[in-house]
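*Asks:*
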Amino acid sequence: MHNYFADRLFKALERGEPEPGQLLVAAPDIPDDRFARAVVLIIEHNEAMTVGVNLTQRSELAIYNIMPEWLPAVAKPQALYIGGPVNQQAVVGVGRTKLGVDMAKEPVLNRLANRLAHIDMRADSAHISEIMDGIRLFAGYCEWAPGQLDAEIDNGDWFVVPALPGDVIMPARADLWGDVLRRQPMPLPLFSTYPVDPSLN
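In case it helps, my numbering puts the sequence shown at residues 40 to 240.
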């Protein structure tokens, strides 16, 4: 099964290059079950590492109970998300800016794409509420060593596509994985309805 996706589908694509503000969308048959139907937002990419947060894994922890000062800025559902398996004691913030916010004038924001920013968690939460349209907070992150992500992309495990600002604050019931695939050029939309459990199809 994996060879089908890696060879037939991957070779039909013009490969995107990973960079901040891009999404890594897990292939339907990605070998690592931890990343099944994952959509990872890249927040850092350089020669030493690639770092991102998984936008799809919500925890049962309410922001109100653990970081109440950030509640006004957090989009619904106001829960802590699991950004990845690395350093889950660290909190990573990303979000969508309000219209008209100039990120170049906001040192607490690191621009990833149009209206999409990585937030300095040392910032004043009240100020973040004033300039952000909605944010997500993530426990931990995903990290790849030099060459590791390139090898996984070459193997067809990930598709690299542009992020939209709204991807980081999708509603609870949204299927972000399917939505991202549907808006891509062919042939990726063909796999947007791939079932969570193929054995039930």
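C-beta atoms are modelled at their ideal positions from N, C-alpha and C, and glycine is treated no differently. Since this is a predicted model, take the numbers as computed values, not measurements.
Of the choices Ala118, Pro185, Met88, Arg76, whose alpha-carbon is the least far from that of Ala101?
*Replies:* Here the closest residue by C-alpha is Ala118.
*Asks:* Could you check the C-alpha separation between Ala245 and Ile105 for me, to the nearest Å?
*Replies:* Any answer about residue 245 is impossible in this case: the structure gives the chain only from 40 up to 240.
*Asks:* Among Val131, Ser164, Ala114, which residue has its Cα nearest to the Cα of Ala211?
*Replies:* Considering only alpha carbons, the answer is Ala114.
*Asks:* Please state whether DSSP places Asp163 in a helix, a strand or coil.
*Replies:* Of the three classes helix, strand and coil, the one that applies to Asp163 here is coil, per DSSP.
*Asks:* Label Asn126 either buried or exposed according to how many other C-beta atoms from any shown protein chain fall within 10 Å of its C-beta, with 16 as the threshold for buried.
*Replies:* Asn126 should be labelled exposed.
*Asks:* Could you tell me the boundaries of the alpha helix (DSSP H) in which Gly217 lies?
*Replies:* Where Gly217 is concerned, the enclosing alpha helix (DSSP H) stretches over 215-221.
*Asks:* Taking its Cβ as the centre, do 16 or more other Cβ atoms sit within 10 Å of Gly241, making it buried, or is it exposed?
*Replies:* Look at the range of the chain in this structure, 40 to 240, and you will see that residue 241 is not part of it.
*Asks:* Look at the alpha carbon of Gly122 and the alpha carbon of Ala112, and state the distance between them as a whole number of angstroms.
*Replies:* C-alpha separation (whole angstroms): 18 angstroms.
*Asks:* Determine the burial state of Asn93: buried for a count of at least 16 other Cβ atoms within 10 Å of its Cβ, exposed for fewer.
*Replies:* Asn93 comes out buried.
*Asks:* Give the DSSP-derived three-state secondary structure of Ser238 in the structure shown.
*Replies:* Low confidence applies here, because Ser238 scores a pLDDT of 48, under 50, leaving its location unreliable and the question unanswered by this model.
*Asks:* The ligand PLP and Ser98: does the residue's C-beta get closer than 7 angstroms to at least one heavy atom of that ligand?
*Replies:* This structure simply doesn't include the ligand PLP, nor any ligand for that matter.
*Asks:* I'd like the span of the alpha helix (DSSP H) that includes Gln117, first residue to last.
*Replies:* Gln117 -> no alpha helix (DSSP H), and no H or E assigned at all.
*Asks:* Let me know if Gln128 comes out buried or exposed under the rule of 16 or more other beta-carbons within 10 Å of its beta-carbon.
*Replies:* Its Cβ having fewer than 16 others within 10 Å, Gln128 is exposed.
*Asks:* What whole-angstrom Cβ distance do Ile174 and Gly139 have, given they're in contact under 8 angstroms?
*Replies:* The pair is not a contact, with the Cβ atoms about 17 angstroms apart (cut-off 8 angstroms).
*Asks:* Just the Cα atoms here: how many angstroms apart are Met40 and Ala66?
*Replies:* Residue placement at Met40 is flagged as unreliable, the pLDDT there being 45, under the threshold of 50; a coordinate-derived value is accordingly withheld.
*Asks:* Ends of the beta strand (DSSP E) at Asp189?
*Replies:* Segment 187-193 is the alpha helix (DSSP H) holding Asp189; no beta strand (DSSP E) there.
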